[in-house]
Amino acid sequence: MKPFELVRSVATPLLRDNVDTDLIIRIDRLTSLNRESLGKYAFEAIRFTSTGSVATDCVLNQPAYSGSSVLLTGKNFGCGSSREGAVWALDAYGFKCVIAESFGDIFYSNCFQSGVLPIVLAGSEIQALAASARSGQALLVDLQTQIVSLPDALDGREF
Numbered sequence: 026m027k028p029f030e031l032v033r034s035v036a037t038p039l040l041r042d043n044v045d046t047d048l049i050i051r052i053d054r055l056t057s058l059n060r061e062s063l064g065k066y067a068f069e070a071i072r073f074t075s076t077g078s079v080a081t082d083c084v085l086n087q088p089a090y091s092g093s094s095v096l097l098t099g100k101n102f103g104c105g106s107s108r109e110g111a112v113w114a115l116d117a118y119g120f121k122c123v124i125a126e127s128f129g130d131i132f133y134s135n136c137f138q139s140g141v142l143p144i145v146l147a148g149s150e151i152q153a154l155a156a157s158a159r160s161g162q163a164l165l166v167d168l169q170t171q172i173v174s175l176p177d178a179l180d181g182r183e184f
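Its first residue numbered 26, the sequence shown is counted upward by one per residue in my numbering.
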């Protein structure tokens, strides 16, 4: 786990509600792989087709979000089984921060223990961040000031 004070990144807008830990990482991956190897299997059910080819319609596979360290999502992210491995998979994939309307309780706690910052924002704020992400604009997560902002926006919007 590498602590951070600032994250500047284009966010990946995976705007889905009720993303459970099974979707984040399959249980069988947790029994056969070490923590650092989990990233390539994060969200594999939506990143790949049933034949194993890349799902080109999945936002996680779009070049504009390659290397993104911030994930935008909907309500109840990380619900379901209490798998710390789901947080490990997000971290290994490269996400340092997940911004959602709400989180599964155990997942939320696991984030702090495993170095991924969970941030709760209103749906309208997440939609505004997603629109900025789609236009290629980076956001800034500042732990010291506890502010998420769009520093390159004309209005320098803060959330």
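Backbone N, C-alpha and C define an ideal beta-carbon position, used for all residues, glycine too.
Three or more C-beta pairs closer than 8 angstroms, one from the region 97–105 and one from the region 52–61: is that the case here?
-> no
Mind reading off the beta-carbon distance from Leu-146 to Val-84? Whole number of angstroms is fine, and I expect it under 8 angstroms.
-> To locate residue 146, count along the sequence shown from 1; it is residue 121. To locate residue 84, count along the sequence shown from 1; it is residue 59. At roughly 18 angstroms, the Cβ-Cβ gap does not stay under 8 angstroms, so Leu-146 and Val-84 are not in contact.
How would you write the range of the beta strand (DSSP E) that Ile-172 sits in, first residue to last?
-> Looking up residue 172 in the sequence shown gives position 147. Taken as a continuous stretch (DSSP letters only), the beta strand (DSSP E) holding Ile-172 covers 172–174.
Name the residue from Trp-113, Ile-151 and Gly-119 whose alpha carbon lies nearest to the alpha carbon of Glu-126.
-> Taking the sequence shown and counting its residues from 1, the one referred to as residue 126 is at position 101. Ranking Trp-113, Ile-151 and Gly-119 by CA distance to the CA of Glu-126 puts Ile-151 first.
Please classify Lys-121: is it buried, with 16 or more other beta-carbons within 10 angstroms of its beta-carbon, or exposed?
-> Taking the first residue of the sequence shown as position 1, residue 121 is located at position 96. Result: buried.
Return the chain-ordered list of same chain residues with a C-beta closer than 8 angstroms to the C-beta of Tyr-66, the five sequence neighbours on each side being excluded.
-> For the purposes of this step, residue 66 is identified with residue 41 of the sequence shown, where counting begins at 1. Contacts found: Ile-50, Arg-51, Arg-54, Leu-58 and Ala-114.
Determine the extent of the beta strand (DSSP E) in which Asp-167 is found, giving its start and end residues.
-> On the sequence shown, position 142 is the one that residue 167 refers to. Looking at the DSSP string, the run of the beta strand (DSSP E) that includes Asp-167 is 164–167.
Work out the CA separation of Asn-43 and Ser-106 for me, nearest whole Å.
-> Locating residue 106 in the sequence shown gives position 81, where the first residue counts as 1. Locating residue 43 in the sequence shown gives position 18, where the first residue counts as 1. About 12 angstroms.
DSSP three-state call for Thr-56: helix, strand or coil?
-> For the purposes of this step, residue 56 is identified with residue 31 of the sequence shown, where counting begins at 1. Helix.
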